Structure formats: structure tokens, C-alpha cells
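Encoded as C-alpha cells, the structure appears first; notes follow it.
In this note's numbering, the protein residues as written are 1 to 380.
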């Protein structure tokens, strides 16, 4: 069984962000509430009011079925809104100014976010301008949980490289391909153990993770923030959700379309089946590799990514094989962030955002015009 969660920004026709997720939820469902369902998907509020989350109502045994359910539900959602808004994936809204958005203020979640604001100051990109692809991996027992956790931990730098999709902040490039993680790592710096620079400690037992939670809760209690002592509060790249019997991967930038998200998921699932990945698990080395991924995307990690691709292909089933060629192209041509920066030298950002918006609606991975033209020549 597999479940994924996808975060898309709400925009006007010029791709200005609109902080109206509560208004949209009320328009479709009849009231302001945390979530509602369409077909086989659930659409939820997010902390940032210009973002909505889309996820399957129930986990799926098939990536192909999951992709179809998500895309079908998304198209129905657009139709219910008469296509009057534009939606975008990617890891951050590339044009957003912080005064253009706010946070969800309704119900118990509003109380939680106000506590976040008191402790950490929500008015920062690390809270108000981040969009993640979340992959939920089930585990069978405590031993399986530890094994999967440590494998995912060692894979994080390479997953970050493949999914980097946030090269612009306030409409400008910064020299980094994954700005979302730069801001994400800093958003709770008052209590640094919550994020731990994204790379968590290697686990040997379930109790080891429970100790991490206890240390986080103790720091929150010192700040009289007991309302935040929940199992979802850790912000490392991978966390454990005991209530759901799954691991949550939180380090990945949202991609431009659901198919690309499924390709990343297929890559991960294939790798997790390998008994030996040959990866380092030392925290300092993983941090160094992560910094490379955050700055350069795939560029500085291509040999390692190519080896991982071979392992993934060897361990993939027929369904996963269907998605893996897209990962191969991303390794060769660069992540969405790398393509975004390259193309922004040649055309206005607004034109690229139009292409991203169409990628999401049509569920077709983004390709630069150069690649499309080359493909047309080959067909001729």
C-alpha cells in the first residue's frame, strides 16, 4: 500500500498567489472545514492560505491506480471551480511576496498555527512558501520500520537532488536549486532538534526514535507549547507516524505534475527493495551530500544517481519500470529546478509557469522547448 500527498498553490490568471483556500473549500463543500472529498481523493487546507493539499482518500496498492485517482479527482476539482484559478506545483511559489499570503486561522488548527507563530514567527518563507511531495511508506513491524527508516535516511540527499524544484524566491534566482529546504531547515531554529538539519539520527531501535520525540517534547514544554507535542511535529527528512504504521518522507519538493510525483515514488520503492544500496550512513557525509543536492540539484551527484538508477531498475516491478525512464531523464537533463533556471534565461518566467500549469492539468511532465523540438525532429 502506498499513499502520497501533493501541495499546489492557488493563483489568478497571471500567477499571482491567492490566499483563499478557506474560500475555495467553502465554495465547493458548503462550509469552512479542514478537508472534503471528491471522487477518490481528499482535498485539505494547508497552513499557508494560498495552498491546498491533494491526497488519496485511501492508500493504493498500485501507482498507476493512484495516479489515475489523483488526476481524475484534480480535474473534477478544477471543473467544480469552473477553471477560474490556476494551480501550480513545484517546491515554492517562485513569485510570492510574504505579504501576499497568511496562515489558516480556523478551528483547532488555527490555534496550533498561532502557537507556531508565537514560537517561530510564521511570517517567513519557511512556513508560508513551501510545497512538498510527501510519500508515506508503510512498515510491517518494528524491525521493518528501522530498516526502512535507515535506508530512506541514506537516500535523502539523492531524492532531494532529483526533486529539487524551488530555484526562485521573490522572482529571483538565488544560486540554489532547492530553496524550500534552505528555509525549511531554519523555520524552527529556536528548537533545532525538531528539524535536525533534515538528516535525522540513524536508528537502532524503536526506543531510539521515541527518545528523539521525548527530547523534542521536552523542549516544547519548556516554551509552554504543549499543544505542539504531537507525533507529526518532527520535521526531519523522514519521520515515523506510529498512529498510521508508516514512515513519512518530508524532504521532497513538490513536482510539476502527478506523473512526476509517481516517478519519484517508483524510484524510491524500487530502491527500498534492494538489500544493499552501498550508501554511506554517517551523518556528516549525508549532510554534505544534502548540501550539494540543495545547491546544485542533480549536477554534482550524477555518478551516484546513475548507480542508484541501475539498482532501482534491477529491483523494479513492471509498474515501477513504467515510471523510471522519467527519473533517468531527470538525472541526465537535470531536476525541474535546473530546467527552470536554464529556461528562464531564454523566456519570461510567466511563460514557464504557464507550461507548469498545463503540466499539472494535463498530467504531462515538463520538458524544455529544446527537448520537445529535438523529439519532434526524431519523429520526423
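Just so you know, even glycine gets a beta-carbon here, dropped at the ideal spot from N, CA and C.
Remember, it's a predicted structure, so these values are computed and weren't measured experimentally.
Whose C-beta lies closer than 8 Å to the C-beta of residue i among residues of the same chain, with five residues either side of it excluded?
i, result
"residue 1", "59, 60, 61, 138"
"residue 98", "123, 124, 125, 128, 129"
"residue 114", "105"
"residue 283", "199, 201, 202"
Identify whether residue i lies in helix, strand or coil by the three-state DSSP scheme.
i, result
"residue 245", "coil"
"residue 107", "helix"
"residue 226", "helix"
"residue 378", "Reliability fails at residue 378, whose pLDDT of 49 lies under 50, so the model's placement of it is uncertain and the value that follows must be treated cautiously. Residue 378 falls in the helix class under three-state DSSP."
"residue 235", "coil"
"residue 89", "coil"
"residue 144", "helix"
"residue 385", "As displayed, the chain neither begins before 1 nor continues past 380, which places residue 385 out of reach and without an answer."
"residue 251", "strand"
"residue 53", "strand"
"residue 277", "coil"
"residue 172", "strand"
"residue 132", "strand"
How should residue i be labelled, buried or exposed, when 16 other C-beta atoms within 10 angstroms of its C-beta is the threshold for buried?
i, result
"residue 347", "exposed"
"residue 330", "buried"
"residue 91", "buried"
"residue 211", "exposed"
"residue 242", "exposed"
"residue 178", "buried"
"residue 6", "buried"
"residue 378", "With a pLDDT of 49 at residue 378, under the threshold of 50, the predicted position of this residue should be treated as unreliable, and no value is reported."
"residue 350", "exposed"
"residue 107", "exposed"
"residue 142", "exposed"
"residue 204", "exposed"
So, at 6 Å on beta carbons, what are the nonlocal neighbours of residue i in its own chain, with the 5 sequence-adjacent residues on each side left out?
i, result
"residue 85", "10"
"residue 262", "63, 67, 323"
"residue 95", "171"
"residue 273", "315"
"residue 339", "368"
"residue 361", "none"
"residue 93", "9, 17, 129"
Report all residues from its chain with a CB closer than 7 Å to the CB of residue i; omit the five preceding and five following residues, and keep chain order.
i, result
"residue 196", "236"
"residue 326", "260, 263, 365"
"residue 341", "167, 173"
Assuming residue i contacts residue j (C-beta within less than 8 Å), just tell me the rounded distance between them.
i, j, result
"residue 265", "residue 4", "6 Å"
"residue 271", "residue 311", "6 Å"
"residue 33", "residue 23", "Actually they are not in contact, since the Cβ atoms of residue 33 and residue 23 sit about 12 Å apart, beyond 8 Å."
"residue 46", "residue 119", "Not a contact, Cβ separation roughly 19 Å."
"residue 292", "residue 302", "About 11 Å separates the two Cβ atoms, so there is no contact after all."
- [ ] Spell out a yes or no on whether the stretch 25 to 41 and the stretch 68 to 87 are touching, meaning 3 or more CB-CB pairs, one atom from each, closer than 8 Å.
- [x] Three or more beta-carbon pairs drawn from the stretch 25 to 41 and the stretch 68 to 87 are found closer than 8 Å, and the two stretches are therefore classed as touching.
Open item on the list: Under 8 Å: do the stretch 69 to 88 and the stretch 136 to 152 share three or more Cβ pairs, one atom per stretch?
Closed with: Counting Cβ pairs under 8 Å, fewer than three are found: no touch.
Open item on the list: Count Cβ pairs between the stretch 207 to 216 and the stretch 159 to 177 that sit closer than 8 Å; are there 3 or more?
Closed with: Cβ pair count under 8 Å is below three, so no.
Open item on the list: Pairs of beta-carbons, one from the stretch 333 to 353 and one from the stretch 183 to 195, closer than 8 Å: are there three or more?
Closed with: At 8 Å Cβ cutoff, the stretches do not touch.
Task: Stretch-stretch touch, CB-based, cutoff 8 Å, three pairs: the stretch 239 to 257 with the stretch 162 to 177 - done: The stretch 239 to 257 makes contact with the stretch 162 to 177: 3 or more CB pairs, one atom from each, lie closer than 8 Å.
TODO: Give a yes or no on contact between the stretch 99 to 111 and the stretch 15 to 32, applying the rule of three or more CB pairs nearer than 8 Å.
DONE: Enough Cβ pairs lie closer than 8 Å, so yes.
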